[in-house]
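Residue numbers (my numbering): 4 to 213. Every residue gets a Cβ at the ideal spot worked out from N, C-alpha and C, and that includes glycine. In this text, all values refer to a predicted model and were calculated from it rather than measured experimentally.
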Ligand SMILES: N[C@@H](CCC(=O)N[C@@H](CS)C(=O)NCC(=O)O)C(=O)O
C-alpha cells in the first residue's frame, strides 16, 4: 500500500494522477504548502527536506518526483514509461526536462520574488527568470508542432502529465502563454479520468487549458 503526501496542485499532483492510472491501492495525505504542513515537525520527521511529493511504501520513504514516477511506472509496467531503447530514453529526457528544468525555473522565479528586496535589481532578475520560463513554453510549442501531439510523439508518457500539472501553476507574477499545440495537449491530458479524479481529490481547478 502506497501513501502519497501531496500539496494541492503542486508537482506531487503528477504522482497522484499516475497512481490513479495504476489501479493500485494508495492513500493520499494532504500536506498543504499554503497551510505550512510541509514545514510541520511531524512531516519533517518523515522528510527533512520539507517538500512533496513524498511516497511511503514497504517501509521506505521516497523523494524526488522524477524518481518516484519512474519507480511507479516500472514497478507496475505502465505504458506511461516505455521499458527500453530510444522510447524510454526519450520519455525520460522529457520527464527530467519537466521535473528538473521547467519546474526549477518556476522555483527560481518564486525565490527571487520572495527573497530579493524590491527595486531595479529585483525587477531585472525576475524579468529574466520569467522570460526564461516563457521561452521554455515556446520551445515546447515548437517541439509539439514538429513532433506531437505528445512530447514523445504519438504515445502519451508520464512527462505529459507533469507538464500539464506545471502549466496550471499561477502563483508567479506573470501568466504564461501557451501555443495551440500545447493547449491541445493540456486539454487532452487534464480531461482524462485519472487527472480529473486527482483534481477532484485535491480540490484544484484546472485553468491552463482554457
Ligand atoms: N526536486 C523535487 C522538488 C520538490 C518540490 O520543490 N516540491 C515543492 C512543491 S512543487 C514543495 O514541496 N515545496 C515545499 C514548500 O514550498 O514548502 C522533486 O521533484 O520532488
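Please determine whether the Cβ atom of residue 64 lies at a distance below 8 Å from any heavy atom of ligand 1.
no
Looking at ligand 1, does it come within less than 8 Å of residue 164, judged from the CB to the closest heavy atom?
Residue 164: no, Cβ never under 8 Å from ligand 1.
Any chance the CB of residue 106 is under 8 Å from a heavy atom of ligand 1?
Result yes, Cβ under 8 Å from ligand 1.
Alpha helix (DSSP H) containing residue 29: first to last residue?
Looking at the DSSP string, residue 29 is not in any alpha helix (DSSP H); the run it does join, the beta strand (DSSP E), is 29-33.
Tell me, to the nearest whole angstrom, how far the beta carbon of residue 8 is from that of residue 60; I am working on the premise that it is less than 8 Å.
With a Cβ gap of about 12 Å, residue 8 and residue 60 do not count as contacting.
Can you give the Cα-Cα distance for residue 91 and residue 82, rounded to whole angstroms?
10 Å
Please report the residue range of the beta strand (DSSP E) in which residue 269 lies.
For residue 269 there is no data in the structure shown, the boundaries of the chain being 4 and 213.
Relative to the C-alpha of residue 35, which residue among 211, 195 and 205 is closest?
Cα-wise, what sits closest to residue 35 is 205.
According to the Cβ coordinates, are residue 68 and residue 27 closer than 9 Å?
no
Could you tell me whether the stretch 184-195 touches the stretch 163-174, where touching means 3 or more Cβ pairs closer than 8 Å?
Yes: the two stretches touch, three or more of their Cβ pairs being nearer than 8 Å.
Thinking C-alpha only, which one of 155, 199, 133 and 120 is nearest residue 178?
133
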